[in-house]
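Visitor: Heads up: the sequence shown begins at 408 in the numbering used here, then just goes up one per residue.
Sending over a structure as structure tokens; questions will come in a sec.
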Amino acid sequence: MKKGELVLLMSEDSSHVFQISDEKVNTSDGWVDLAEVKKMIFGSKVKTSTGKIFTILRPNLIDVLRKRVKRSAQVMLPKDIASIIANTGIDPDSLIIDAGTGTGYFSIFIAKLLPKSIVVTYEVDKEFFEIAKKNIRSADVWNVKIKNRDVTKGIQEKNADLVMLDLKNSSLAVKHAYRSLKLGGWLVIYSPTVDHLLKVTKSVKKVGLADFRIIENIEREWQSTKTIRPKTMGMMHTGFLTFARKV
Ligand SMILES: C[S@@+](CC[C@H](N)C(=O)[O-])C[C@H]1O[C@@H](n2cnc3c(N)ncnc32)[C@H](O)[C@@H]1O
Numbered sequence: 408m409k410k411g412e413l414v415l416l417m418s419e420d421s422s423h424v425f426q427i428s429d430e431k432v433n434t435s436d437g438w439v440d441l442a443e444v445k446k447m448i449f450g451s452k453v454k455t456s457t458g459k460i461f462t463i464l465r466p467n468l469i470d471v472l473r474k475r476v477k478r479s480a481q482v483m484l485p486k487d488i489a490s491i492i493a494n495t496g497i498d499p500d501s502l503i504i505d506a507g508t509g510t511g512y513f514s515i516f517i518a519k520l521l522p523k524s525i526v527v528t529y530e531v532d533k534e535f536f537e538i539a540k541k542n543i544r545s546a547d548v549w550n551v552k553i554k555n556r557d558v559t560k561g562i563q564e565k566n567a568d569l570v571m572l573d574l575k576n577s578s579l580a581v582k583h584a585y586r587s588l589k590l591g592g593w594l595v596i597y598s599p600t601v602d603h604l605l606k607v608t609k610s611v612k613k614v615g616l617a618d619f620r621i622i623e624n625i626e627r628e629w630q631s632t633k634t635i636r637p638k639t640m641g642m643m644h645t646g647f648l649t650f651a652r653k654v
């Protein structure tokens, strides 16, 4: 294994993602010597200082997002990101604008899934910008460009295939998104509340985008312990997704 490579250590009840180095790192069950892991191959087993056995696997996109990304702002959940990919049919070599960056979850997800695409992401808050920058590097993605800029003041890129807005004042950025999009490109806006959605709807209709749709994705997780049934507690609401296209 190469120094700097990401590895997933997985047992039946816990998992960790580490970057290969010569250090000893802590798991939930004792420490592991990464210098030893470096000499092994994927699929090998490694024992921690307390005797717990982990299998060494290559981490995928979800492992990296769950284990390497430090959360600052509220992130978009996979069900909503999946819906954006499915409903826009975004090409693998697209130009994607994402504002605001927040934790960088959406940018990292899309950039890892579409490695030939370019993701440009705008974050106005300096502190969140610095956290997202670190998250992007630690997720090992190199096709994301992060800017510490206010998206309501303008989007510098042209011919975007997708502009994604997930921020408080999305309605103020709609006209800039319109100018940035290529013909046929998609604008997607995430609205956590109906109040936000109402403002967004007004702005989108004002600039005259086509194929206007609003979607709410409801995901209900089930438990399979003593009995099989829907979980009593869970994420009951995330947000609404507005879709529209430039024609
Ligand atoms: C809910 S978070 C975005 C989460 C992100 N979609 C993710 O999946 O990690 C909203 C972010 O937008 C940023 N933001 C708010 N207004 C902005 C603006 N005018 N321009 C750029 N970023 C902005 C906030 O600082 C915050 O970090």
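Backbone N, C-alpha and C fix where the C-beta goes; we use that ideal spot for every residue, glycine too.
As the structure is a prediction and not an experimental result, all values here were calculated from the model.
1. For the alpha helix (DSSP H) containing residue 472, list its first residue and its last residue.
2. Note down, in chain order, each residue of its chain lying with its Cβ closer than 6 Å to the Cβ of residue 554, except the 5 sequence neighbours on either side.
3. Is the Cβ-Cβ distance between residue 461 and residue 418 less than 8 Å?
4. Measuring only the C-alpha atoms, how far is residue 464 from residue 578?
5. Output the distance between the C-alpha atoms of residue 562 and residue 632, rounded to the nearest integer angstrom.
6. Give me whichever residues DSSP pairs with residue 452 in a beta bridge.
7. Is residue 538 closer than 8 Å to residue 551 when the C-beta atoms are compared?
8. Assign residue 653 to buried or exposed, taking buried as 16 or more other Cβ atoms, counted over all protein chains shown, within 10 Å of its Cβ.
9. Can you give me the Cβ contacts of residue 611 inside the same chain, cut-off strictly under 8 Å, excluding the 5 residues immediately before and after it?
10. Relative to the alpha-carbon of residue 443, which residue among 437, 454 and 434 has its alpha-carbon at the smallest distance?
11. What does a CB cutoff of less than 6 Å around residue 531 pick up in its chain, not counting 5 residues either side in sequence?
12. If you scan the region 480-557 from start to end, which runs of the alpha helix (DSSP H) of 4 or more residues do you find wholly inside it?
13. Per DSSP, what are the beta-bridge partners of residue 571 in this structure?
14. CA-CA distance, residue 665 and residue 564?
15. Suppose the cutoff is 7 Å on Cβ atoms and the five residues either side in sequence are ignored; what does the same chain contact list for residue 548 look like?
16. Please list, in chain order, all residues of the same chain as residue 456 whose beta carbon is under 7 Å from its beta carbon, the five residues on each side excluded.
17. Provide the residue(s) that pair with residue 409 in DSSP beta bridges, ordered along the chain.
18. Rounded C-beta distance between residue 646 and residue 487? I'm assuming under 8 Å.
19. Using DSSP with H/G/I as helix, E/B as strand and the rest coil, what is residue 626?
20. Look at the alpha carbon of residue 559 and the alpha carbon of residue 624, and state the distance between them as a whole number of angstroms.
21. Tell me which residue opens and which closes the alpha helix (DSSP H) that residue 587 is part of.
22. Over what stretch of residues does the alpha helix (DSSP H) that includes residue 608 continue unbroken?
Guide: Inspection of the coordinates gives the following:
1. 468-475
2. Around residue 554: 529.
3. yes
4. 43 Å
5. 49 Å
6. 462
7. no
8. buried
9. Once the five neighbours on either side are set aside, the close Cβ partners of residue 611 are 581, 594, 596, 619, 649 and 651.
10. 454
11. 557
12. 485-495, 512-520 and 533-545
13. 505 and 595
14. Nothing can be reported for residue 665: it is not among the residues displayed for the chain, which extend from 408 to 654.
15. The residues are 515, 518 and 519.
16. Result list for residue 456: 437 and 438, in chain order.
17. Paired residues: none, contrary to the question.
18. 7 Å
19. The answer is coil: DSSP assigns residue 626 none of H, G, I, E or B.
20. 27 Å
21. 577-587
22. Counting along the chain, residue 608 sits inside the alpha helix (DSSP H) bounded by residues 601-614.
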